[in-house]
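Enquirer: Here you go, one structure.
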Ligand code: SAM
């Protein structure tokens, strides 16, 4: 008898699914905030899934984590205090701590169980969470940002899609609070979904950030397991422009996606994406 095959499908749009073969369900839980699963996939290795949406996988996590971290950290000339909003798998913290000048990196995550499962089942990604320069704070990122002023050089919003507790992380009032929470020359970046499927969201976020920050830029990267593969990041800055960075001064660090030559190239947008943020 043929061996039974198990397949996981993320419904990426009402009319499209992303399906991969799984060899094992490693862990599932219903947390206070979301359904959590760690799956062993054939193609991508272990995969973290929240509410049916792929968050990260062992094979392609470097694409997302490097892109959301190194662009802002190499745009700010001296990032000492950095906060991650969301990011419970720890991948962004791992990348931030590759920067020697960072004194402290805070992880502001609402769901403790995402951190615990990642520590247990995704050690390659969560490995820096116990570093002495890392501090984990379990709270709602919206509350945290609105209660702290003038505190960070860089804020990275590594959120889930805009559903459930992450809805407020895509709203104007949150970006205003992020502005206040940054130091006078601070900057922030947020993951802002697929330019193919989420054009309205990208447009709204870009214009909201532009109405608050003197410098607003959109950049793109390729993340194989995210809807359409093409992913956007929106950066708001009080002073430093990623396009003004002297790339000859960017230090070589251990990365698989990001490099100094890419730093400005990431901001060169296809025409249909330029149209979204016009
Ligand atoms: N890279 C991933 C993606 O784009 O799909 C996101 C990874 S990370 C696991 C997202 C985290 O954001 C989740 O662990 C979720 O619990 C957290 N989160 C959602 N809303 C939040 C909020 N309001 N405050 C803090 N963390 C939040």
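In full-length UniProt numbering, the protein residues as written are 1 to 278.
Ideal Cβ placement from N, Cα and C applies to all residues, glycine included.
In this text, all values refer to a predicted model and were calculated from it rather than measured experimentally.
Taking CB distances under 9 Å as the criterion, tell me whether residue 102 reaches chain B.
Expert: Among the protein chains of the structure shown there is no chain B, as only one such chain exists.
Enquirer: What residue from 80, 186, 157 has the CA that sits closest to residue 104's CA?
Expert: Locating residue 104 in the chain shown gives position 104, counting from the first residue. Among 80, 186, 157, the Cα nearest to that of residue 104 is on 80.
Enquirer: Nearest to residue 71 by alpha carbon, out of 241, 37, 179, 159?
Expert: Residue numbering aside, residue 71 sits at position 71 when the chain shown is read from its first letter. The residue with the shortest Cα to Cα distance from residue 71 is 241.
Enquirer: Under 8 Å, with one C-beta from each stretch per pair, do the segment 102-119 and the segment 84-94 reach the 3-pair mark?
Expert: Touching, per the Cβ criterion.
Enquirer: Helix, strand or coil for residue 127, going by three-state DSSP, please let me know.
Expert: On the chain shown, position 127 is the one that residue 127 refers to. Of the three classes helix, strand and coil, the one that applies to residue 127 here is coil, per DSSP.
Enquirer: Once you ignore the five residues that flank residue 268 on each side, which residues in its own chain have a CB closer than 7 Å to its CB?
Expert: Working through the chain shown from its first residue, we reach residue 268 at position 268. Closer than 7 Å at the Cβ level, and outside the excluded window around residue 268, lies no residue.
Enquirer: Using only CA atoms, which one of 116, 99, 102 lies nearest to residue 90?
Expert: Taking the first residue of the chain shown as 1, we reach residue 90 at position 90. It is 116 whose Cα lies nearest to the Cα of residue 90.
Enquirer: Select from 255, 148, 260 the residue whose C-alpha is nearest the C-alpha of residue 249.
Expert: Locating residue 249 in the chain shown gives position 249, where the first residue counts as 1. If we check each option's Cα against that of residue 249, 260 comes out closest.
Enquirer: From residue 281 to residue 44, what distance separates their C-alpha atoms?
Expert: In the structure as shown, the chain starts at 1 and stops at 278, and residue 281 therefore has no counterpart that could be examined.
Enquirer: Quick one: Cα of residue 98 to Cα of residue 4, how far?
Expert: One-based indexing of the chain shown puts residue 98 at position 98. One-based indexing of the chain shown puts residue 4 at position 4. Going by the C-alpha atoms only, they are around 43 Å apart.
Enquirer: Just verifying my parser: in three-state terms, what is the DSSP assignment at residue 30?
Expert: Position 30 of the chain shown, counting from 1, holds the residue named residue 30. Strand.
Enquirer: Contact between the segment 230-241 and the segment 211-218: three or more CB pairs below 8 Å?
Expert: The segment 230-241 is in contact with the segment 211-218.
Enquirer: Run through DSSP, which three-state label would residue 221 get?
Expert: Numbered from its first residue, the chain shown carries residue 221 at position 221. If DSSP states are grouped into helix, strand and coil, residue 221 belongs with the strands.
Enquirer: Only counting runs of 3 or more residues, tell me where the beta strand (DSSP E) segments fall wholly within the segment 154-240, in order along the chain.
Expert: 182-191, 215-222, 230-237, all fully within the segment 154-240.
Enquirer: What separation, rounded to the nearest whole angstrom, lies between the Cα atoms of residue 309 and residue 221?
Expert: Beyond the ends of the chain as shown, which are 1 and 278, falls residue 309; an answer cannot be given.
Enquirer: Regarding residue 172 and the ligand SAM, is the C-beta to nearest heavy atom distance less than 8 Å?
Expert: Locating residue 172 in the chain shown gives position 172, where the first residue counts as 1. No, since every heavy atom of the ligand SAM falls outside the 8 Å radius drawn around the Cβ of residue 172.
Enquirer: Looking at the structure shown, is residue 75 part of a helix, part of a strand, or coil, going by DSSP?
Expert: As a first step, residue 75 must be located in the chain shown, where it is residue number 75. Three-state DSSP puts residue 75 in a helix.
Enquirer: Exposed or buried, which one is residue 65 when buried takes at least 16 other CB atoms within 10 Å?
Expert: Position 65 of the chain shown, counted from the first residue, corresponds to residue 65. With 16 or more Cβ atoms within 10 Å of its Cβ, residue 65 is classed as buried.
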